[in-house]
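Below is one structure; the comments refer to it alone.
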Amino acid sequence: MAEAAGGAGAGTAAAGDDAELTAVIGATVPTGFELTAAEEVQEKLGSASRISRDRGKIYFEVPAQGLPQVHRLRSVDNLFVVVQEFKEYQFKENKEDALKDLEDLVKKLPWTDPLKVWELNNSLKKKKTKRKKHNLQSTASKEKLNDDGEEEGTDQKDASKQEDCAQNAAGVEPASGQDTEETQGVASRNREEEQDNEQSDAKDELQGGSGSDPKAGDGKTGEGDAKVLKFRVTCNRAGDKHSFTSNEAARDFGGAVQEHFQWKADMTNFDVEVLLNIHNNEVVVGIALTEESLHRRNITHFGPTTLRSTLAYGMLRLCDPQPTDIIVDPMCGTGAIPIEGATEWPSCYHIAGDNNPQAVKRAANNISSLLKKNENKESSTSLGIPLDIIQWDICNLPLRTGSVDIIVTDMPFGKRIGSKKKNWDLYPACLMEMGRICTPGTGRAVLLTQDKKCFAKALSRMGHIWRKGQTVWVNVGGLHAAVYLLKRTWERLEEKRSFW
Numbered sequence: 095m096a097e098a099a100g101g102a103g104a105g106t107a108a109a110g111d112d113a114e115l116t117a118v119i120g121a122t123v124p125t126g127f128e129l130t131a132a133e134e135v136q137e138k139l140g141s142a143s144r145i146s147r148d149r150g151k152i153y154f155e156v157p158a159q160g161l162p163q164v165h166r167l168r169s170v171d172n173l174f175v176v177v178q179e180f181k182e183y184q185f186k187e188n189k190e191d192a193l194k195d196l197e198d199l200v201k202k203l204p205w206t207d208p209l210k211v212w213e214l215n216n217s218l219k220k221k222k223t224k225r226k227k228h229n230l231q232s233t234a235s236k237e238k239l240n241d242d243g244e245e246e247g248t249d250q251k252d253a254s255k256q257e258d259c260a261q262n263a264a265g266v267e268p269a270s271g272q273d274t275e276e277t278q279g280v281a282s283r284n285r286e287e288e289q290d291n292e293q294s295d296a297k298d299e300l301q302g303g304s305g306s307d308p309k310a311g312d313g314k315t316g317e318g319d320a321k322v323l324k325f326r327v328t329c330n331r332a333g334d335k336h337s338f339t340s341n342e343a344a345r346d347f348g349g350a351v352q353e354h355f356q357w358k359a360d361m362t363n364f365d366v367e368v369l370l371n372i373h374n375n376e377v378v379v380g381i382a383l384t385e386e387s388l389h390r391r392n393i394t395h396f397g398p399t400t401l402r403s404t405l406a407y408g409m410l411r412l413c414d415p416q417p418t419d420i421i422v423d424p425m426c427g428t429g430a431i432p433i434e435g436a437t438e439w440p441s442c443y444h445i446a447g448d449n450n451p452q453a454v455k456r457a458a459n460n461i462s463s464l465l466k467k468n469e470n471k472e473s474s475t476s477l478g479i480p481l482d483i484i485q486w487d488i489c490n491l492p493l494r495t496g497s498v499d500i501i502v503t504d505m506p507f508g509k510r511i512g513s514k515k516k517n518w519d520l521y522p523a524c525l526m527e528m529g530r531i532c533t534p535g536t537g538r539a540v541l542l543t544q545d546k547k548c549f550a551k552a553l554s555r556m557g558h559i560w561r562k563g564q565t566v567w568v569n570v571g572g573l574h575a576a577v578y579l580l581k582r583t584w585e586r587l588e589e590k591r592s593f594w
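Residue numbers for the sequence shown follow our numbering, so the first one is 95 and each next one is one higher.
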């Protein structure tokens, strides 16, 4: 009926009784930046990645104790451990037969090791939450001693208010939107001391957690009690040759999971999220490792068009920042790009600006929230981040000619902000001013826009200043957009005498 991927077919493997537990991790990434994500995985984890035929997903194998490093990846949105992957699954033409095959599949899947990985992932999140609460309590006690009379951490509450996840009655939603309200801050930690703590946590859990994994049929948490796990199945289906809907697949597959494990179905307050990804004839069954998308790591104050941090990372990586580079985002909005840049490339100097005072205020609040988060980390010696923000006019920037190395920005699409008509004047003026401040010969720009026709016309008029290098096609909120890498020519522009 179906051929399992990779010979053995299991998503996780242990080569012997005492062998180290390994896991095949699936990650959803911004479409178009799969190669960027694969490069980051190779660079930071030393693992080769395989890009899925279903756009926006990559797969790679890591030791289970490396889960903390996996959660620190900057280019991935959601993570899941693969239970089993089928490259060429043969679906029956009849709907009832096709759904019955999916039900029967549940009993044949190798659940044991993936559930161990899921349990280890949960234990790491709990330990991190305890550390986070301890830090917040110590911060609160310091405030009382200082008699400031003000409360800290209010910005952190805003994050949960900004959740925009919508679930339907069957609990089926797209992979890129698997956001819930219970973020535990497992995403972005890049300090060596904390890495060591998490590494030891993972090793302790692997050494002391044998036999505590939830086994088929018992539905226990492995903590000595008989608590029944709650679960839901999320089906993501693409392709027009299936006789069933994603709702029907999730319903029937979920019924079989419930019968197999004796778990309790719960669409909102679930412990385990089982993923059923169907792309034409490719089927992947997995268990979610993230409750909230990792792209929400930096932003607490959202605007109408806030850019995902993962997409911001991909754009920044595209222009290959080097130490001491000056990086400018002249239309920063809520500051997603410069904040991501300052976090991941602290040896560069980042300048952000916008003409909208409300946007500048939101960006400043997001920077303030990031500083507070850094202060709350244990043994933090960070005194700040290399980032300044200013209100300015994109067509009249208060920066010296040729003084900027890199420009990275999300340009107005002409939908929620501005208009397509205004873009015909705005885009050429922006490219001209960006060309003025950018270093001739070595400067580069990475620009995101959905108004491709207008951008192409503007770029053709600025051919003496900019040369188009690479184009990455991306999906931004359902819109087909493009990221353009531009190289600055050697053409020199005159210094502006006055800005006002």
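Beta carbons: idealized from backbone N, C-alpha and C, even for Gly.
8 Å Cβ cutoff met for residue i and residue j
i: Cys548; j: Trp567; result: no
i: Ala131; j: Val211; result: no
i: Thr565; j: Ala575; result: no
i: Asp617; j: Ile431; result: Outside the displayed span of the chain (95 to 594) sits residue 617, for which this structure offers no information.
i: Leu580; j: Leu541; result: yes
i: Thr404; j: Arg144; result: no
i: Asn371; j: Asp148; result: yes
i: Ile479; j: Leu464; result: yes
i: Val502; j: Thr533; result: no
i: Phe338; j: Leu203; result: no
i: Ile500; j: Pro415; result: yes
i: Val177; j: Gly120; result: no
i: Leu129; j: Val164; result: no
i: Ala343; j: Leu196; result: yes
i: Ala523; j: Cys489; result: yes
i: Leu525; j: Ile484; result: no
Backbone CA spacing between residue i and residue j [nearest angstrom]
i: Leu587; j: Gly529; result: 8 Å
i: Thr536; j: Leu412; result: 15 Å
i: Ala269; j: Ala117; result: Reliability fails at Ala269, whose pLDDT of 37 lies under 50, so the model's placement of it is uncertain and no value is given.
i: Asp487; j: Ala458; result: 17 Å
i: Leu161; j: Gly150; result: 21 Å
i: His354; j: Val377; result: 20 Å
i: Pro208; j: Ile433; result: 35 Å
i: Val422; j: Glu367; result: 40 Å
i: Gly311; j: Leu323; result: Confidence in Gly311 is poor, its pLDDT being 41 and thus under 50, which makes the residue's placement unreliable; the coordinate value appears in the next sentence. Their Cα atoms are separated by approximately 11 Å.
i: Gly349; j: Gly429; result: 44 Å
i: Glu190; j: Asp365; result: 29 Å
i: Val93; j: Pro124; result: Because the chain is modelled from 95 through 594, residue 93 falls outside the range shown and cannot be assessed.
i: Glu585; j: Ser554; result: 15 Å
i: Phe127; j: Thr418; result: 25 Å
i: Gln356; j: Val327; result: 14 Å
i: Arg166; j: Met556; result: 39 Å
i: Gly563; j: Lys467; result: 37 Å
i: Lys358; j: Ala552; result: 57 Å
i: Tyr521; j: Lys455; result: 24 Å
i: Thr122; j: Glu385; result: 13 Å
i: Gln136; j: Asp545; result: 34 Å
i: Lys516; j: Met361; result: 45 Å
i: Leu410; j: Gly435; result: 7 Å
i: Leu369; j: Lys321; result: 22 Å
i: Arg561; j: Glu527; result: 15 Å
i: Asn341; j: Lys335; result: 16 Å
i: Glu469; j: Phe185; result: 54 Å
Cβ neighbour criterion (16 or more within 10 Å) applied to residue i
i: Asp482; result: exposed
i: Arg41; result: Because the chain is modelled from 95 through 594, residue 41 falls outside the range shown and cannot be assessed.
i: Gln452; result: exposed
i: Ala142; result: exposed
i: Glu179; result: buried
i: His444; result: buried
i: Ser441; result: exposed
i: Ser217; result: buried
i: Glu187; result: exposed
i: Lys201; result: exposed
i: Asn460; result: buried
i: Glu114; result: exposed
Nearest-angstrom beta carbon gap, residue j and residue i [assumed within contact, 8 Å]
i: Leu383; j: Phe174; result: 6 Å
i: Ile531; j: Thr495; result: 6 Å
i: Glu182; j: Asn375; result: 5 Å
i: Asp171; j: Ser462; result: The Cβ separation is near 25 Å, so there is no contact.
i: His373; j: Gly333; result: 6 Å
Any C-beta of chain C under 8 Å from that of residue i
i: Met556; result: Of the protein chains in the structure, only one exists, and it is not chain C.
Which residue spans inside the stretch 153-222 form an unbroken alpha helix (DSSP H) run of at least 4?
161-165, 189-202
My parser needs the beta strand (DSSP E) runs of 3 or more residues fully inside the stretch 112-155; what are they?
116-122, 143-145
Uninterrupted alpha helix (DSSP H) stretches inside the stretch 507-594 (no shorter than 4 residues):
514-531, 546-555
As an exercise, report each continuous alpha helix (DSSP H) stretch of at least 4 residues that is fully enclosed by the stretch 445-495, in chain order.
451-470
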